[in-house]
Structure formats: structure tokens, C-alpha cells
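Take a look at the structure below.
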Amino acid sequence: MATTTKAVRTVAHVLETGAERWPDRTAVDFGVAAYTYRELWSRGRKSAQAFKDQGVNRGEPVLVMLDNTIEFVDAWLGLALIGAIQVPVNTAYIGEILRHQVKDSGAWLMLIDETYASRIEALGEDRGDLSCVRIATGSWAKAFADAPELPLEDIAPSAEHDIVAIMYTSGTTGPSKGVRVAHAHAYTYAHHAGDVMRLAEGDVYYAPLPLFHIAGQWALVYACLQVGATAIVRRRFSVTEFWATVRESGAQVSFLLGAMANFLAGQDPRPDDHDNPMDRMLVVPLIDNLDGFRRRFGVRVCTCYGSTEVNVPIASGFDVTDEPGMAGVALPGYDVRIVDDNDVEVPIGAVGELVVRAHEPWVLATGYHRNPEATLRLFRNLWLHTGDAFRRDAAGNYFFVDRIKDYIRRRGENISSFEVEREVNAHPAVLECAAVAVKSASTEDDLKVVVVLKQGATLEPDELREFLRPRVPRFMVPDMIEVIGELPKTPTGKIQKHLLR
């Protein structure tokens, strides 16, 4: 029997509802300026009209390469209101990695911060369909200022299964892939994150994350818009300014990457460490000496497991322990299994790959943009394969063990080993190389590159780093570089990266 789904889990519905329920409450505070729910509704509609005036149609992708500014939020909301698709770009991207996303997205329009415009110019004519670039503080600012609010009747009647964003995430054997995110997916990701932290109406929530990441845009700003909280947004994470911002803003809730929490814990103790309004923190992954962190700063801590593709299927409560790899329990609405290489479920305590299914449609990734082969691999045997090794105990707790997929996660950034290796191999002294993850003292991974040189060539690690800096984002510059005579390989020629780790 056919059913009709009410399109309430859409950006337009959330934005309009917020303006009606909490018109004068601050929705987003950037430090230099703050905006109420009513103002976001107005700005979103102005942005929508400005995009329409530029010629953007429903279903079209638009690249957005902006810092944590109100213009980023304007673009996200405006594109959603006309049914277009936002493609956020990591502001660290340069060179071939940037070119791939520009071309693969199929976007003809890009909204960009003036700081990064030269990177697009450096791509030359090889930009795919990109034919129009608008500077946020230049041509776009005028278009926005001149635009009226989009009439209510012209807001696109988006369904929950319509695509609202394409978010690029690390590749493994190939370049980064664009995850197609439906409205329901974005909504539930934000809802789960907020629910885990017990985010409530009137809360002040500070998460020093970049908005171009799903955890910044959806788990911070969108989670606040859903419940009537205030999102505190700053340009970037600062160890020395974090607690000052918390005290100044009155933030009671935060979301930190494990590395961020470690950096805070590594600061010299102060007598006023406990004197702050912070109450609840989502820390992913958990850090060592969790109890010491909680006592020192007077906070409760929870954790979760999620990704752009898989949403947030596993989370803990605030009674979480600091057992290595602890991620929590499976959340309602998801089936979660740990399977072997043949997708057969393994016994309790055994290690295997985590696979996930959702009870309702459109809350997981709908697939990879322009990449049907990778989409089929992702959804093999009717389960979404995370590429992460987990184990489960008899109480139903899930523990992260290792990466199965050949990618590295460094301080919140997924790094494609393929993309790192491609750039290292471009050095004239390098014969071949392998990029691998090694355990980091700051949680997650450090990046190690193992290099084989051409006969007679020499290369110092710092020389290679200097070669890479203008070619890759800063988070892809290796922490460790090792030069060896030969890479370990299987009889079929595949590099045995587990031996290099």
C-alpha cells in the first residue's frame, strides 16, 4: 500500500518553523555578528532569489568554497530553498584534488572566498563545466544585497528523498567520492547528534568545526535550528581561545574531535579550569584519561560513531567508559552487524567489518555522485559497508578496532592514500610509494609515507614535504617519511600496507 511522507525533514521546513517559533532568538553567532531565526529565514530567501537570478535551477549543483561565515550559511539555505544542491569544498584543497572535485561535481557556478579564488585560476581551462565564479565579498555580495526575498510560493516543494548536498569524502583506490545526501539524511544526522548531546531549546552550543564538514554544518548549525538552540561559530579551532569563547558565549554544549580534546587536556592546568558553563561534550573518538578530562573541566562526555555515508548508527550515553575504541550501542532505527570477508556475521567478541542498514529510506547515503561502481561496492549484499573493523561485547557495546578501507583519518580529515601517493610519485626522485595510517598520540591517525627512490637518486624527508606543500592540503603533508629499498608486495604485485603500518 502506498504511503505519503510529509516533507518535514527538509531545510525549508526547519528554517520556516524556527522563524515562526523563535523569531527573535539568536540562531547563529559568529562573534563578529549574530543572526536571529527570523533573520536567517529572511537571508535564506534573499540568497535563494539571488541564486535564481544567477540562473541556478532546481537539481543543479553549486560549489561553495567559503570559511565559517554567514555567507556559507546563506548559500546553504538559499540553495536548499530553490531545490538546488550545495557542494561544499574543503578550504584546504588545492591543485589536482581541487580540480577533481570541481570537475566531478558537474557544477557550472562556484561561490568562493576571495582568499581562494587564485586556486581556481591556477586550474587553467581544465575545470569541467565550471564557467562562472562569484566572489563572496564582491559580485555575490552585490547580487545578494539587490535580491528581494524569494516569495513563499516559489520555494521548491522538496521531498525528503531529494538531494540537498554532495559532500566529498576520502577515496581509497581512487580520488575522493561525492556522497549524495538527501534531506532526510541531513536531518537525521543532525537530529542524532543533537539527541546524543541532549541538545535542547535555549541551549548555547559551540563546536569549533569547519562548516564544509558534515559535523560542522549539519551536527552544529542544523542541529541547533531543529530545536531552537544557538550555534556559536568561529573561524577555526584555537586551543588558547576555546575556554574563553565558552565563557564569553555561555556555551553549555560542544562537539570536539578527539584530537581537539587531547590538545585541551595537554595545556598546563589552571585554577579556573573547572569554572566554565560547559556541561555536555560529544568527543569523537574518546581520549585516554577520560575521567581526568571530565573532572578537570567539570563536563559530562558522550561519544558516537558516524560518517558522511552511514549517518550516526552508534552512540553512547554520558556514562561512557574510556575502554579503547568505545563507540556506544546501536541506535533505534538501524540494524548493525559485524561481518567477515563473505558478509557472514561473526561471533560476539570477534573482529569484522561493521555493516549497517536503516529501517526507513533516505537516511543513509543514496550513493556516490557519478560513480555507480563505488556505489555498488558500498551497498554490497544489501548492507552499507563502512570499511571499518569493529568488535561487539555481550552487552551490545561496539568498539572501533581499525580501518579496513585504505584511508587515513587525521584530525578530523579523511585522507585518500591514492591522492597522497599520486602527488608523492610526481617527485622526480620517487620510483613508487605507499601512504599508510599509523596510530597518533592525538587520537585517530598520523600520516606515514614510505618511499622507494629511483636508482641513484637521493631525497631528504623535508625536501619531499616542501615539494608537497604547494600541491596538497596541509593535512596531507606527511608526519613521517621513510625511504626503503623495496615495498613489500603480494605475488600479484599489491602493496602489503599492513606490514608498513
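66 is the number of the first residue of the sequence shown in my numbering; add one for each residue after it. Note that CB positions come from ideal geometry on N, CA and C, so glycine has one too.
From residue i to residue j, what does the alpha carbon distance come to, in whole angstroms?
i, j, result
"PRO437", "ASN479", "21 Å"
"VAL348", "THR386", "12 Å"
"GLU218", "THR368", "42 Å"
"TYR433", "ARG245", "6 Å"
"THR202", "ASN490", "38 Å"
"ALA423", "TYR254", "12 Å"
"ILE403", "ARG442", "17 Å"
"THR70", "LEU449", "With a pLDDT of only 42 at THR70, under the threshold of 50, the placement of this residue in the model should not be trusted, and no figure is reported."
"THR68", "ARG566", "With a pLDDT of 39 at THR68, under the threshold of 50, the predicted position of this residue should be treated as unreliable, though the coordinate-derived value follows. C-alpha separation (whole angstroms): 51 Å."
"GLU529", "PRO553", "It is worth fixing the name first, because residue 529 is Leu in this sequence and not Glu. LEU529 and PRO553: Cα-Cα distance of roughly 22 Å."
"ALA380", "TRP308", "26 Å"
"LYS305", "GLU410", "In the sequence as displayed, the identity of residue 305 is Thr instead of Lys. So the alpha carbons of these two residues sit roughly 46 Å apart."
"GLY83", "TYR287", "11 Å"
"ASN341", "SER505", "29 Å"
"MET232", "HIS278", "8 Å"
"VAL377", "PHE320", "14 Å"
"THR501", "ARG487", "First, the residue type needs correcting, since residue 501 is Val and not Thr in the sequence shown. Roughly 13 Å between the two C-alpha positions."
"GLU525", "HIS492", "12 Å"
"SER223", "ALA212", "22 Å"
For residue i, count neighbouring Cβ atoms within 10 angstroms of its own Cβ and tell me buried if that reaches 16, exposed if not.
i, result
"GLU85", "exposed"
"MET66", "Legend: pLDDT at MET66 = 34, less than 50; position of this residue unreliable, no value from coordinates given."
"ILE162", "buried"
"ASN122", "exposed"
"LEU564", "exposed"
"LYS111", "buried"
"GLN447", "Sequence check: residue 447 is Leu here, not Gln. Per the 10 Å Cβ criterion, exposed."
"GLN332", "exposed"
"THR508", "buried"
"GLY96", "exposed"
"ASP227", "buried"
"ILE177", "buried"
"THR38", "Lying outside 66 to 566, the shown extent of the chain, residue 38 is not represented and no answer is given."
"VAL73", "exposed"
"ILE549", "exposed"
"SER303", "exposed"
"SER183", "exposed"
"PRO334", "exposed"
"GLY371", "buried"
"PRO538", "buried"
"ILE185", "buried"
Do you know whose CA, among the options, lies nearest residue i's CA?
i, options, result
"ASP511", "SER372, ARG475 and GLU551", "ARG475"
"PHE383", "ARG299, LEU146, PHE532 and LEU264", "LEU264"
"GLU313", "ASP191, TYR399, VAL489 and VAL269", "VAL269"
"ALA459", "ILE185, ALA172 and ALA415", "ALA415"
"LEU174", "ASP408, SER183 and ALA149", "ALA149"
"ASN354", "PHE328, TRP283 and ALA113", "PHE328"
"PRO426", "TRP106, HIS250 and ALA500", "HIS250"
"ILE159", "ARG360, MET130 and ALA288", "MET130"
"GLY120", "VAL73, ASP400, ALA77 and VAL198", "VAL198"
"PRO153", "LYS242, ARG487, LEU322 and GLU186", "LYS242"
"ASN133", "ILE228, TYR233 and ALA296", "ALA296"
"LEU215", "ARG164, GLY143 and ASP344", "GLY143"
"TYR399", "ASP169, VAL375, ASP405 and GLU525", "VAL375"
"PRO350", "GLY477, GLY193 and ASN341", "GLY477"
"VAL261", "ALA247, VAL79, ALA284 and ALA221", "ALA284"
"PHE392", "VAL466, GLN166, THR180 and SER223", "It is Ala, not Phe, that sits at residue 392 in the sequence shown. Nearest C-alpha to ALA392: VAL466."
"GLU125", "LEU195, HIS165, GLU179 and ALA182", "LEU195"
"GLY569", "PRO213, SER170 and ILE200", "Outside the modelled stretch of the chain, which goes from 66 to 566, sits residue 569, for which no answer is possible."
"HIS78", "MET541, HIS248 and ALA280", "HIS248"
"ILE220", "ASP406, ASP405 and LEU80", "LEU80"
"ASP406", "LYS513, ARG301 and ARG445", "ARG445"
"LYS513", "GLU531, LEU396, VAL485 and THR156", "VAL485"
"ASP338", "ASP356, ARG360 and VAL318", "ARG360"
Using beta-carbon positions only, say whether residue i and residue j come within less than 8 Å of one another.
i, j, result
"VAL503", "GLU547", "no"
"GLN291", "HIS256", "yes"
"PRO240", "PHE464", "no"
"MET343", "ALA324", "no"
"GLU562", "ALA499", "Position check: residue 562 holds Lys in this sequence, whereas Glu was assumed. Yes, Cβ-Cβ distance for LYS562 and ALA499 is below 8 Å."
"THR101", "GLU225", "no"
"ALA439", "THR373", "no"
"GLY259", "GLY293", "no"
"VAL93", "VAL298", "yes"
"LEU128", "ARG164", "no"
Return yes when at least one heavy atom of the ligand ZN lies under 7 Å from the C-beta of residue i, else no.
i, result
"PHE465", "In terms of ligand content, the structure shown is empty, and the ligand ZN therefore cannot be addressed."
Counting pairs of Cβ atoms below 8 Å between the stretch 349 to 364 and the stretch 537 to 554, do you hit three or more?
The stretch 349 to 364, when compared against the stretch 537 to 554, does not touch it at the 8 Å Cβ threshold.
Using 8 Å as the cut-off, can you tell me whether the stretch 450 to 470 makes contact with the stretch 204 to 215, which would need three or more C-beta pairs spanning the two stretches below that distance?
No, the stretch 450 to 470 is not in contact with the stretch 204 to 215.
Any 3 or more C-beta pairs closer than 8 Å across the stretch 401 to 420 and the stretch 443 to 457
Yes: at least three Cβ pairs fall under 8 Å.
Do the stretch 99 to 119 and the stretch 142 to 157 touch if we need at least three Cβ pairs shorter than 8 Å?
These segments touch.
Could you tell me whether the stretch 517 to 531 touches the stretch 270 to 280, where touching means 3 or more Cβ pairs closer than 8 Å?
Judged by Cβ distances under 8 Å, the stretch 517 to 531 makes no contact with the stretch 270 to 280, as fewer than three pairs qualify.
Taking one C-beta from the stretch 102 to 109 and one from the stretch 130 to 141 each time, how about it: are there three or more such pairs within less than 8 Å?
For the pair of segments examined, the stretch 102 to 109 was found to touch the stretch 130 to 141: the number of CB pairs separated by less than 8 Å reaches three.
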